[in-house]
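K.L.:
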Amino acid sequence: MADYPYATEQERPFGEPQLADIREEWDWVKPGVEEILGEDEFLSLIPEDVFAACKSGAAHLWVTEQGFVITTGMTDTITGERTFMVWLAWAREKRNNVAVQWFTFFEDQAREAGFTKFEVRTRYPKLGSYLQNKLGFEMVTAQYVRQI
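For the sequence shown, the working numbering begins at -19 and goes up steadily by one.
Right, here's the structure in full:
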C-alpha cells in the first residue's frame, strides 16, 4: 500500500471495482498479498489465510484494472453494530491507493449491505491524515506493541 493516495475518489481513471472469485484471480492477487504481508511485520497472516477467507465468504475480493481491495465485515458482539473494513489493498502502480480512489463506491456497497461504520487500518501516517482530513474519518485508537 502506498504512503498516501495518489488520486482521490473523484478521479476514476479505471473501471469500477468488480466482485471477483479469488480462485480465478489468485495468480496475480497472491503476489500482491505477499507484497503487503512482506511490508508489514505485524500482520501474522500468510497468503493462504487471505485466500481461505475469500473462498469461505468471510472476506470479499474486489478487482479493478489498477489493483485489488479485500474487504471484510465485523459485528460488535455487544451492540450488534456492523463495520465494513478494508482489510487489504494493493495497486499495480505505487502511490495509487485503489481503496481511496473508490471510497464512494465501497461506502455505497457497505451501506447497501447494512453496515453502519466504515473502517480502514493503516500503518502509514500520511494515509491516516488523508482519511481524516479529506474523507471524514476519525482516528479511534493507536496500537502499540512490544515483544516480551
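Note that CB positions come from ideal geometry on N, CA and C, so glycine has one too. Just so you know, these numbers come straight off a predicted model, no measurement behind them.
#1: So Glu99 packs on Thr63, CB below 8 Å; how close in whole Å?
#2: Assign Trp42 to one of three DSSP states: helix, strand, or coil.
#3: Could you give the C-beta distance for Arg75 and Gly47, rounded to a whole number, given that I count them as a contact under 8 Å?
#4: On the DSSP bridge list, what partners appear for Gln112?
#5: Have a look at Glu(-9) and Phe86 and give me their C-alpha separation to the nearest angstrom.
#6: Between which two residues does the alpha helix (DSSP H) carrying Gly12 extend?
#7: State the start and end residues of the unbroken beta strand (DSSP E) segment that holds Ala69.
#8: Are the beta-carbon atoms belonging to Asn77 and Ala69 less than 8 Å from one another?
#9: May I ask which residues mark the beginning and end of the beta strand (DSSP E) holding Thr102?
#10: Can you tell me whether Thr55 is helix, strand or coil according to DSSP?
#11: Write down the C-beta distance between Leu115 and Phe83 rounded to the nearest angstrom, noting that I regard them as a contact closer than 8 Å.
P.N.:
So, from the listed chains and residues:
#1: Right, their Cβ atoms sit about 5 Å apart.
#2: strand
#3: Not really, about 11 Å apart at Cβ, beyond 8 Å.
#4: Its beta-bridge partners do not exist; DSSP assigns none.
#5: Caution applies to Glu(-9), whose pLDDT of 47 falls short of 50 and renders its modelled position unreliable; the model cannot decide the point.
#6: 2 to 19
#7: 62 to 71
#8: With respect to Ala69, Asn77 sits close: the two C-beta atoms are nearer than 8 Å.
#9: Taken as a continuous stretch (DSSP letters only), Thr102 belongs to no beta strand (DSSP E), as it is neither H nor E.
#10: strand
#11: Yes, they are in contact, since the Cβ atoms of Leu115 and Phe83 sit about 6 Å apart, within 8 Å.
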